[in-house]
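Peer 1: Below: one structure in structure tokens.
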Amino acid sequence: MPIGYRAARIFDGISEEAIEGAALIVEDGRISSVSRHLPPDAEVVELGDATILPGLVDAHVHLVWSASAEPHEVVARESQALTVLRCAGNAAMHLRAGVTTVRDLGATDGLSIDVARAVELGLLPGPRAVAAGRAIAMTGGHGWFLGREADGADAVRRAAREEMKAGAACIKLMASGGVYGHAEEPGSPQLTPEEMRAGVEEAHKAGRRVAAHAYSTAAIGNALEAGVDSIEHGSFLDRDTAEMMRETGTWLVPTMSVYAAMSEKGPELGAPEYIQRKTAEVLEASRRAFRLALDAGAPMAAGTDCGAPGHPHGTLREQLKLIVEAGATPQQALKFGTSGAARLLGLGDELGTLGPGKRADVLAVGGDALRDIHALDEVRLVLRDGVEVASGRRVLP
């Protein structure tokens, strides 16, 4: 039986304006139409003064991390079984907030791959997850504790092959240092263009996409030379680099919310001094980089780096708020967090927009999200494949 979800407005993920006074018709886990005319046999769900939009897509998370002062140390101390249970809880937090798809870009022991499988098998509630497994870094490079180390093109090639053998749906390469790493600076280049190119070649042959953690223009340039599909963070990019990304169609995934969270909560959490020092520098740089990319017309998708110190899971809405504060319209921000991120993940034909035949991954929030991005704070309904998985703040079994 079809179900019609009727609200004051519907944002389809691509249009500039909402469709007013219509209903989203869902049947057999798919969207059949957006219409003001309901099928005669439809069950009707009245949502009132709400905005219906596609389920959110967070293009950068770490499900194994706990948002504690030093999450990698938590993982190192606890059993693998407890880490898996933590991942399950983190996944549920995303779903409760209306995030129906995530891309996990680095997990100890590749556990995110198993969590993604468990969600798809119906063993636990959570968003569908495009998981990279273990990130690939140079020896001692950024995030080595989230992944594996590889030096030289052949070693990176082998690492990419082994991650895909384990079930990785994408590949993560560390092109630079980062904030969360003691003996490194965010802008320092790490994996070389030749090393990254080997990983990119293997991933692309297998139909997988490649994300590169890169902060500085030098590191971003190396990653672009290697042919990666997305630049994660990109905090120190300049105008020329932003224009190059537009020309090559390389996506930027800005993560301002993680720096804002670490800046605000780091001291009370007791985060190490080096994190607090680097965060202050990177936060403002990230805002400038976002504006440059926006002005250049570079393709962008919203991501959070959830799980990092002070940044709990299910907080993509905070990134979208910061995107608006940095100069985007609410419509642009919502596109980055729905259709844009879905396209980056290679899922644009299946989700990220509300159109006939698309998966019924749906979020309804109170108020008008196209006028006030803070409307995302009031979750009224979440559907995943047409099934009601969250209502208000409660995750349903």
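Residue numbers are given in numbering that gives the first Met the number 0: position 373 of the sequence shown equals residue 372, and the series is strictly consecutive.
We put the CB at the ideal spot given by N, CA and C, even for glycine.
Grab me the residues of A210's own chain with a C-beta within less than 6 Å of its C-beta, minus the 5 sequence neighbours each way, in chain order.
Peer 2: Excluding residues within five positions, the ones whose Cβ falls inside 6 Å are L104, K171, S229 and E231.
Peer 1: Kindly examine the ligand SAH and report whether one of its heavy atoms sits closer than 7 Å to the Cβ of G3.
Peer 2: Because no ligand of any kind appears in the structure shown, any question about the ligand SAH cannot be addressed here.
Peer 1: So what's P188 in DSSP terms, helix, strand or just coil?
Peer 2: Note: P188 maps to strand in three-state DSSP.
Peer 1: For the candidate residues G151, W250 and A115, whose alpha-carbon lies nearest to that of G302?
Peer 2: Checked all of G151, W250 and A115; the closest Cα to G302 is W250.
Peer 1: Where does L382 sit, in a helix, a strand or coil, going by DSSP?
Peer 2: In the structure shown, L382 sits in a strand (DSSP, three-state: E or B).
Peer 1: Which of the three DSSP states, helix, strand or coil, is assigned to P70?
Peer 2: In the structure shown, P70 sits in a helix (DSSP, three-state: H, G or I).
Peer 1: On the criterion of 16 or more Cβ atoms from any shown chain inside 10 Å, does V388 qualify as buried, or is it exposed?
Peer 2: Buried: at least 16 other Cβ atoms inside 10 Å.
Peer 1: Beta-carbon within less than 8 Å of V33's beta-carbon, same chain only, minus the 5 sequence neighbours each way: which residues are those?
Peer 2: Closer than 8 Å at Cβ, skipping near neighbours: I9, D11, I18, A21, A22, L23, I24, L353 and G354.
Peer 1: Take R286 and list the residues in its own chain whose beta-carbon comes closer than 7 Å to its own, dropping the five residues that flank it on each side.
Peer 2: Correct list, in chain order: M255 and A325.
Peer 1: Once DSSP output is grouped into helix, strand and coil, what is the label at M163?
Peer 2: Three-state DSSP puts M163 in a helix.
Peer 1: Can we say the segment 89-105 touches the segment 120-140, given the rule of at least three CB pairs closer than 8 Å?
Peer 2: Touching, yes.
Peer 1: Look at the alpha carbon of V394 and the alpha carbon of M244, and state the distance between them as a whole number of angstroms.
Peer 2: Here the model assigns V394 a pLDDT of 46, short of 50, so the residue's position is not dependable and the matter cannot be decided.
Peer 1: Going by other Cβ atoms of all chains shown within 10 Å of its Cβ, with 16 needed for buried, is T138 buried or exposed?
Peer 2: T138 should be labelled exposed.
Peer 1: What are the boundary residues of the alpha helix (DSSP H) that Y258 is part of?
Peer 2: Its alpha helix (DSSP H) spans residues M255 to L268.
Peer 1: What does a CB cutoff of less than 7 Å around A359 pick up in its chain, not counting 5 residues either side in sequence?
Peer 2: V25, G28, R29, I30, L382, D384 and G385, listed in sequence order.
Peer 1: Candidates H36, V364, G142 and K277: which alpha carbon is nearest A259's?
Peer 2: Selected option, being the one with the closest Cα: K277.
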